[in-house]
Amino acid sequence: MEIIELKYSEEFPIKLLSLLKGNVFHITHIDSYDEIIKNGQINNNKDNIYRLNSSSKRSYGRNNGKVCLFDLREHNKKYVEETLYKTYNFLSPPWFRKCYPDYFINKQAYLILNPDFHHKLIPYNSSILEEEYNQAIPQTEAWIDDHIPILWISRVYLVNIKCDAPAKGTLPRALYDIELRNQTKNRRTNKDRL
Numbered sequence: 001m002e003i004i005e006l007k008y009s010e011e012f013p014i015k016l017l018s019l020l021k022g023n024v025f026h027i028t029h030i031d032s033y034d035e036i037i038k039n040g041q042i043n044n045n046k047d048n049i050y051r052l053n054s055s056s057k058r059s060y061g062r063n064n065g066k067v068c069l070f071d072l073r074e075h076n077k078k079y080v081e082e083t084l085y086k087t088y089n090f091l092s093p094p095w096f097r098k099c100y101p102d103y104f105i106n107k108q109a110y111l112i113l114n115p116d117f118h119h120k121l122i123p124y125n126s127s128i129l130e131e132e133y134n135q136a137i138p139q140t141e142a143w144i145d146d147h148i149p150i151l152w153i154s155r156v157y158l159v160n161i162k163c164d165a166p167a168k169g170t171l172p173r174a175l176y177d178i179e180l181r182n183q184t185k186n187r188r189t190n191k192d193r194l
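Per the working numbering, the sequence shown starts with residue 1, numbered consecutively.
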């Protein structure tokens, strides 16, 4: 398995997108990546092994014991852009972001599925959305049942994105400051628990 470390200073790194196109991959926070390596597999997270974001709680894949993946092999530009800008920003998920007064950092891992195992994929089907409490990403999401052995991963991109905080006096900065306060409060609460 090839491991490549990448650093970016823009929130939507187009160079990263060019590396992901044509591939099937699982994205995770760097902390969860460490757990995956330790366990030797990507678990389906039905039992909340890895940290969750709000949309993961309703995820079709997670709720049905499947590992969620992005399939960018044959999708046109329209589907990729709809996913990035309307559904799931897989280039820099905001829930991975760690905020500081002047900048923020996203640390994430992209685990690229070896093409030899593409036949194991369960492709997106809009009928799954008819089931209650199931959420899926149209056209670009796919799944594998239960877990993915780390041996099925051909390459990993360990990505560090560091960007300036939004300009002061703007609406994005006001929202950023709220996020910063919440994260600071949560860090203190977690430290107190230890």
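For every residue, glycine included, the Cβ atom is placed at its ideal position computed from N, Cα and C.
As the structure is a computational prediction, the values presented were derived from the model and not from experiment.
Inter-residue spacing [alpha-carbon to alpha-carbon] between residue i and residue j
i	j	result
L171	L158	31 Å
P13	L20	11 Å
E35	I27	13 Å
L84	L69	14 Å
F25	A142	9 Å
K98	K168	18 Å
R188	N63	31 Å
K120	T140	16 Å
P166	E10	12 Å
Y176	N182	10 Å
N76	E82	10 Å
R58	I37	26 Å
Y124	I4	29 Å
Three-state secondary structure assigned by DSSP to residue i
i	result
Q183	helix
S154	strand
A109	strand
Y103	strand
P149	strand
I137	coil
L35	Residue identity check: residue 35 is Glu in the sequence provided, not Leu. E35: helix per DSSP, three-state reduction.
A165	coil
L6	strand
D177	helix
D71	strand
Contact under 8 Å by Cβ, residue i with residue j
i	j	result
Y100	D164	no
R155	E2	yes
N44	G65	yes
I105	I161	yes
A109	Y33	yes
N134	Y60	yes
I122	Q41	no
I137	T87	yes
K107	F90	no
Spatially closest choice to residue i from the options, by CA coordinates
i	options	result
S18	H147, R73 and Q139	R73
I30	L6, D47 and Y124	L6
K46	D71, D146 and R97	D146
N23	Q139, D71, R188 and S92	D71
K15	N63, R62, R181 and S92	S92
L180	R58, P94 and N76	P94
H118	N125, V67 and I144	I144
Task: the stretch 146–153 in contact with the stretch 106–126 per 3-pair CB rule at 8 Å - done: Yes, the stretch 146–153 touches the stretch 106–126.
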